[in-house]
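Residue numbers (this note's numbering), protein chains in the order written: chain A, 1 to 377; chain B, 1 to 377; chain C, 1 to 377.
All C-beta atoms, glycine included, are put in the ideal place defined by N, C-alpha and C.
In this text, all values refer to a predicted model and were calculated from it rather than measured experimentally.
As structure tokens, the structure follows; a few thoughts come after it.
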Amino acid sequence: MPDENIDLLSARSTRRSFLTRLSALGLVIPGVGSALASCSRGEPNESDSARRGAGQGAIAANQQPQAGARGVRNPDSRLDTLHHAEHGTTTSATGAAGPFQRFDATAPPPAKTRTQQIHWRAQAVPLRISPEIVVAAWTFEGNIPGPTLRCRVGDTIEFTLTNEHEVPHSMDFHAAQIDPKTAFRSVLKGQSVSYTFSPRYAGAFAYHCGSSPVLMHIGSGMIGAIIVDPPAPLAPAKEFVLVQNEFYLGDAVNGVQPFDYTKMLGTLPDYVAFNGRPGQYQTEPIRVKRGDRVRFYVVDVGPTVPCAFHVVGEQFDTVYIGSPPGNAIHGVQTFNVAAGGGMIFELVANVAGEFPFVNHGFGHGQKGAIGLLVVEE
Amino acid sequence: MPDENIDLLSARSTRRSFLTRLSALGLVIPGVGSALASCSRGEPNESDSARRGAGQGAIAANQQPQAGARGVRNPDSRLDTLHHAEHGTTTSATGAAGPFQRFDATAPPPAKTRTQQIHWRAQAVPLRISPEIVVAAWTFEGNIPGPTLRCRVGDTIEFTLTNEHEVPHSMDFHAAQIDPKTAFRSVLKGQSVSYTFSPRYAGAFAYHCGSSPVLMHIGSGMIGAIIVDPPAPLAPAKEFVLVQNEFYLGDAVNGVQPFDYTKMLGTLPDYVAFNGRPGQYQTEPIRVKRGDRVRFYVVDVGPTVPCAFHVVGEQFDTVYIGSPPGNAIHGVQTFNVAAGGGMIFELVANVAGEFPFVNHGFGHGQKGAIGLLVVEE
Amino acid sequence: MPDENIDLLSARSTRRSFLTRLSALGLVIPGVGSALASCSRGEPNESDSARRGAGQGAIAANQQPQAGARGVRNPDSRLDTLHHAEHGTTTSATGAAGPFQRFDATAPPPAKTRTQQIHWRAQAVPLRISPEIVVAAWTFEGNIPGPTLRCRVGDTIEFTLTNEHEVPHSMDFHAAQIDPKTAFRSVLKGQSVSYTFSPRYAGAFAYHCGSSPVLMHIGSGMIGAIIVDPPAPLAPAKEFVLVQNEFYLGDAVNGVQPFDYTKMLGTLPDYVAFNGRPGQYQTEPIRVKRGDRVRFYVVDVGPTVPCAFHVVGEQFDTVYIGSPPGNAIHGVQTFNVAAGGGMIFELVANVAGEFPFVNHGFGHGQKGAIGLLVVEE
Numbered sequence: 001m002p003d004e005n006i007d008l009l010s011a012r013s014t015r016r017s018f019l020t021r022l023s024a025l026g027l028v029i030p031g032v033g034s035a036l037a038s039c040s041r042g043e044p045n046e047s048d049s050a051r052r053g054a055g056q057g058a059i060a061a062n063q064q065p066q067a068g069a070r071g072v073r074n075p076d077s078r079l080d081t082l083h084h085a086e087h088g089t090t091t092s093a094t095g096a097a098g099p100f101q102r103f104d105a106t107a108p109p110p111a112k113t114r115t116q117q118i119h120w121r122a123q124a125v126p127l128r129i130s131p132e133i134v135v136a137a138w139t140f141e142g143n144i145p146g147p148t149l150r151c152r153v154g155d156t157i158e159f160t161l162t163n164e165h166e167v168p169h170s171m172d173f174h175a176a177q178i179d180p181k182t183a184f185r186s187v188l189k190g191q192s193v194s195y196t197f198s199p200r201y202a203g204a205f206a207y208h209c210g211s212s213p214v215l216m217h218i219g220s221g222m223i224g225a226i227i228v229d230p231p232a233p234l235a236p237a238k239e240f241v242l243v244q245n246e247f248y249l250g251d252a253v254n255g256v257q258p259f260d261y262t263k264m265l266g267t268l269p270d271y272v273a274f275n276g277r278p279g280q281y282q283t284e285p286i287r288v289k290r291g292d293r294v295r296f297y298v299v300d301v302g303p304t305v306p307c308a309f310h311v312v313g314e315q316f317d318t319v320y321i322g323s324p325p326g327n328a329i330h331g332v333q334t335f336n337v338a339a340g341g342g343m344i345f346e347l348v349a350n351v352a353g354e355f356p357f358v359n360h361g362f363g364h365g366q367k368g369a370i371g372l373l374v375v376e377e
Numbered sequence: 001m002p003d004e005n006i007d008l009l010s011a012r013s014t015r016r017s018f019l020t021r022l023s024a025l026g027l028v029i030p031g032v033g034s035a036l037a038s039c040s041r042g043e044p045n046e047s048d049s050a051r052r053g054a055g056q057g058a059i060a061a062n063q064q065p066q067a068g069a070r071g072v073r074n075p076d077s078r079l080d081t082l083h084h085a086e087h088g089t090t091t092s093a094t095g096a097a098g099p100f101q102r103f104d105a106t107a108p109p110p111a112k113t114r115t116q117q118i119h120w121r122a123q124a125v126p127l128r129i130s131p132e133i134v135v136a137a138w139t140f141e142g143n144i145p146g147p148t149l150r151c152r153v154g155d156t157i158e159f160t161l162t163n164e165h166e167v168p169h170s171m172d173f174h175a176a177q178i179d180p181k182t183a184f185r186s187v188l189k190g191q192s193v194s195y196t197f198s199p200r201y202a203g204a205f206a207y208h209c210g211s212s213p214v215l216m217h218i219g220s221g222m223i224g225a226i227i228v229d230p231p232a233p234l235a236p237a238k239e240f241v242l243v244q245n246e247f248y249l250g251d252a253v254n255g256v257q258p259f260d261y262t263k264m265l266g267t268l269p270d271y272v273a274f275n276g277r278p279g280q281y282q283t284e285p286i287r288v289k290r291g292d293r294v295r296f297y298v299v300d301v302g303p304t305v306p307c308a309f310h311v312v313g314e315q316f317d318t319v320y321i322g323s324p325p326g327n328a329i330h331g332v333q334t335f336n337v338a339a340g341g342g343m344i345f346e347l348v349a350n351v352a353g354e355f356p357f358v359n360h361g362f363g364h365g366q367k368g369a370i371g372l373l374v375v376e377e
Numbered sequence: 001m002p003d004e005n006i007d008l009l010s011a012r013s014t015r016r017s018f019l020t021r022l023s024a025l026g027l028v029i030p031g032v033g034s035a036l037a038s039c040s041r042g043e044p045n046e047s048d049s050a051r052r053g054a055g056q057g058a059i060a061a062n063q064q065p066q067a068g069a070r071g072v073r074n075p076d077s078r079l080d081t082l083h084h085a086e087h088g089t090t091t092s093a094t095g096a097a098g099p100f101q102r103f104d105a106t107a108p109p110p111a112k113t114r115t116q117q118i119h120w121r122a123q124a125v126p127l128r129i130s131p132e133i134v135v136a137a138w139t140f141e142g143n144i145p146g147p148t149l150r151c152r153v154g155d156t157i158e159f160t161l162t163n164e165h166e167v168p169h170s171m172d173f174h175a176a177q178i179d180p181k182t183a184f185r186s187v188l189k190g191q192s193v194s195y196t197f198s199p200r201y202a203g204a205f206a207y208h209c210g211s212s213p214v215l216m217h218i219g220s221g222m223i224g225a226i227i228v229d230p231p232a233p234l235a236p237a238k239e240f241v242l243v244q245n246e247f248y249l250g251d252a253v254n255g256v257q258p259f260d261y262t263k264m265l266g267t268l269p270d271y272v273a274f275n276g277r278p279g280q281y282q283t284e285p286i287r288v289k290r291g292d293r294v295r296f297y298v299v300d301v302g303p304t305v306p307c308a309f310h311v312v313g314e315q316f317d318t319v320y321i322g323s324p325p326g327n328a329i330h331g332v333q334t335f336n337v338a339a340g341g342g343m344i345f346e347l348v349a350n351v352a353g354e355f356p357f358v359n360h361g362f363g364h365g366q367k368g369a370i371g372l373l374v375v376e377e
């Protein structure tokens, strides 16, 4: 169906396949998910009608979760305030992408030297963002997000990007004050670009490919974070980096879903994730000890959706909305990080338990920007 | 049409029914509203075509308001800067929901005791959110929003939720520092959950049901505000609570519109409201006296849309973007409250008159997040 | 097709025509743009299929830019981090609108007198917002945005609006503390409204027509900025005013595209622009000298989309999120200006080069909210 490929935002086809994919990820409620999944194969048949009947029942009762298929929800489950994420054995999308790997959110330690040589490659790779989903990623160093870089105000970063992909790419560090025309220029396959910069301001900064159209390059995965420490370090803490990005995907070709520029322009993502995998920190939480100060470097690379960052059961003692250690506000439940921005969120984990961290803009957050912070005794 | 029920985001059906409903609420301009309403019944007929002609005329001239049907607008009308809200007698949606009732925006007084016992019920009720519209609400205590709770930093809140609904529910207070796994756990029908918390930070906080999927439970009406006063009270003021929420609705069944999870995921609401009723404070304004300090506790429960809060004809002397009495900025026309966040907006009403307060993100605000502050001599 | 006119958000027709128009503006990548453009004329034909084949190839490889038609991208091009804007000779939309004219972003100088008499007209005009696109604008003084007004805290502005358009209009200055019922009232064609105000707070404020429905009047172009200087002037700087607005357009009638209220309610704009022309400052950049302090007065009139303001290759030394000279944060990469809000962004241009300034919410920014700041030696 050539028309299907082009008319990507057609509500009918897109919404069905979107919900089917959500269902595969466990991001929709069972009753609705199965009803909708049944609609993705084209014309209705008898079996579809039967399932759809169940779906209609759900809709009539506000589409409430149907207990049947997976049994009554356990109200004591630690995941009960999250979305369902009971990933089963996958039979699809095997191959080059390899097994699913969690992205470690732990922030790298402060830099030990005042000068760093960084050499990264722009690479197109198939990347498994969930047990079921492989995307045709454009990346720095083969991952979404790319490596987290950490340095200190005034340090020297000697950076080189080598492009191993047919498409021209570049690197835009938000922590650099530098001429983009030269430093952030695109290079063709096999070429490299090098530049040196010295961050003037502390904070949680984004980096991304800045090649035209930027929306496409950010949206396809060429994103990451650079943490810049102030001259005097912030208070000791357990530190984590959360890079929020959106996924806008086309139908799978040989088990790999391409990124879809038209859907990026439509601004309704299929998934929203912290560190490139929807819901990854539900099944494998972030862990700290009671009494720890916890510091989240939250970078929203977008391309479009803000991150209304919130930790369920906690408030932030401090949010640095500008460069730390100044520019702080206190006693905050939720604050919006703009697309292309970064902020630092701190709390002291005085209470043990299991605390979901979310994008509280739940129309987006429910699509995967939900994780779990476990505070152990 | 089973297909219609499932394919809820199909542009054609949804947009038409959406606009028809907007029209019923008086939220669209007359010429366009009637033309669009005529399209909601299926295939066009002669009468439809005639009306549609008028609509096309409006479109050709930028869809400007047609003076005809309701007469020339009165440019001196106090509602002229608002949307039209000339609710007529309704003939639909009678019955269990009872008559339309305005939600009193007045903030409850500061707590008189340092310990409060609160016992609320999770209930599903038909709720009339406008003279014409009844929704199948999931609620705390039968209303959207639920009751406003008010206490002081360090107070003790002994809270119990009893679930009277078939769907598991829970309670997540953003002002509580507590283990969500235990305190915010879901309970089945007939069960209760109790916990005690003591707010550490002052501010305007959200509460909501945190049961999975959270988007569905917030989106269906299980929302409200908890105000936490600082140890030393803020300056005396006329205080109001505005909880912004979005409505995503399906077609009415027996006069009651269910909430629609698929539309929630689509993030384009049918209505946006302060305190659960689109446009309620246009017809029954909030009233203060000239010279009063006016304090708005603005809580945006979303689920998704930020609130760009603004008062027409005024500027905010103070916006507390974090916990009061610190974390204040001054001389502000508009500030975004994130979904799942809350901020406190203050002005001194030195000028008498009629001041619309709005979500200035008007693509959303025009759908009902508009009210009127009357400053009397 | 009457149905087409009404069913404006039908995904199929709207998305195609949307992308066709984007393509005309040079805002989409060549391979995809041509494939999509070919779909806007109705049923596919052989030529379409051939082009679509190219498009599919692009999609299979993540819709990457096809080098063919316009040659290999020059990675050293100063526009490489921007979107393509190679406007050719236009053959459409000639006539009353006149030639395309850049909107000068230079802020007007500080007011020399403490009292200003301002007399503006509300006018409907065809306005060329790009070499190819003419819109049926509603304006103040014939332009989008209207003139920038500048004054000082405590100054007296004696304002008169005369309406020369069939639709009732009004003026809402966000810098005025005044009764909207009287001052911001609508006037019919041939009538005038006058009022006097004295700004209490410094900052970058929006103004707009406040007539009902406000969404339509803001969305059709009746917008602009008023800069209010603090009593003691801010540090000397090269100053620019950027008013971000969105365009929601219908199909052209006699070469002129009307604004589309239904699409405004849909909140997915066709274009997003600084000062009313998508991408205008790419081809004709804003220019300063190395060492200059650069001050952007960023006003987001919306109607809906926030502006995640960012300068590529720079950080903001100061962002005034409230009234200057207080309410400042420092060391900021990106900050969201709410719809209906304004903030002041400052940087010292210590590095020469070519720095794109953008709405970093790129799903929107890519539609035209991209310009170029050239820092000359």
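Asked                                                                                                                                                                         : Found
Scan the stretch 178–213 of chain A and note each continuous beta strand (DSSP E) run of 3 residues or more that stays entirely inside, going in chain order.                 : 192–197 and 203–208
Quick one: list the residues of chain B neighbouring S323(C), beta-carbon separation under 9 Å, in chain order.                                                               : Q315, I329, H330, G331 and V332
By the 10 Å Cβ neighbour count, where 16 or more other Cβ atoms means buried, how is R102(A) classified, buried or exposed?                                                   : exposed
Tell me, which residues are paired with Q244(C) by DSSP?                                                                                                                      : F274(C) and D300(C)
Give the single residue among V193(C), A338(C) and G326(C) whose Cα lies nearest to the Cα of V299(C).                                                                        : A338(C)
I'd like the list of long-range same chain contacts for G363(B), defined as Cβ closer than 8 Å, with 5 residues on each side in sequence excluded.                            : none
Could you tell me which of A97(C), Q280(C) and G276(C) sits nearest to I218(C), measuring between CA atoms?                                                                   : G276(C)
Which residue's Cα is closest to the Cα of P324(A): E346(A), L149(A) and E284(A)?                                                                                             : E346(A)
Below 8 Å between beta carbons is the criterion; list the residues of the stretch 162–186 of chain C that meet it against any residue of chain B, in chain order.             : E166, V167, P168, S170, D172, H174, A175, A176, Q177, I178, D179, P180, K181, T182, A183, F184, R185 and S186
Just checking my contact of Y135(B) with Q244(B) at CB under 8 Å: how many whole Å lie between their CB atoms?                                                                : Per the sequence shown, residue 135(B) should be read as Val rather than Tyr. Not quite, the Cβ-Cβ distance comes to about 16 Å (not below 8 Å), so this is no contact.
According to DSSP, simplified to helix, strand and coil, what is G363(A)?                                                                                                     : helix
Are the C-beta of M222(B) and some C-beta of chain A separated by less than 8 Å?                                                                                              : no
Buried or exposed for Q117(B), going by 16 or more other Cβ atoms inside 10 Å?                                                                                                : exposed
Using a Cβ cut-off of 7 Å, pull out every chain C residue sitting near P356(B), in sequence order please.                                                                     : P180
By Cβ distance, which residues of its chain are closer than 7 Å to Y248(C), with the 5 residues on each side in sequence left out?                                            : G219, F259, D260, K263, M264, P269 and D270
Could you check what DSSP says for K263(A) in three-state terms: helix, strand or coil?                                                                                       : helix
As a quick exercise: from P231(C), I286(C), G255(C) and G371(C), pick the residue whose alpha carbon is nearest that of F309(C).                                              : G371(C)
Pull up the distance between the alpha-carbon of H119(B) and that of T156(B), whole angstroms please.                                                                         : 14 Å
Can you check which of these residues, R185(A), S192(A) and I321(A), is closest to V312(C) by C-alpha distance?                                                               : R185(A)
Starting from the N-terminal side, write out each stretch of the beta strand (DSSP E) that is 3 residues or longer and does not extend beyond the stretch 320–373 of chain B. : 334–337, 341–348 and 353–359
Measuring CA to CA, which of D179(C), G154(C) and Y320(C) is closest to L234(C)?                                                                                              : Y320(C)
Step through the CB atoms of chain B and report whether any lies within less than 8 Å of the CB of V298(A).                                                                   : no
By a C-beta neighbour count over all protein chains shown, 10 Å radius and 16 as the cutoff for buried, is V253(A) buried or exposed?                                         : exposed
Output needed for Q280(A): all residues of its chain with C-beta closer than 6 Å, excluding positions within five of it in sequence on either side, in chain order.           : R102
Is T267(B) close to chain A, meaning its C-beta is less than 8 Å from at least one C-beta of that chain?                                                                      : yes
Answer yes or no: the CB of E346(B) versus the heavy atoms of the ligand FMN, is any distance below 7 Å?                                                                      : What this structure holds is no ligand at all, so the ligand FMN is not there to describe.
Check the C-beta distance from T160(C) over to G353(B) and give it rounded, since I have them as a contact under 8 Å.                                                         : Their Cβ separation, rounded to whole angstroms, is 19 Å, which puts T160(C) and G353(B) out of contact at 8 Å.
What does the alpha-carbon distance come out to for the pair L22(A) and A206(A)?                                                                                              : Here the model assigns L22(A) a pLDDT of 43, short of 50, so the residue's position is not dependable, and the following value carries that caveat. Approximately 27 Å, taken between the alpha carbons.
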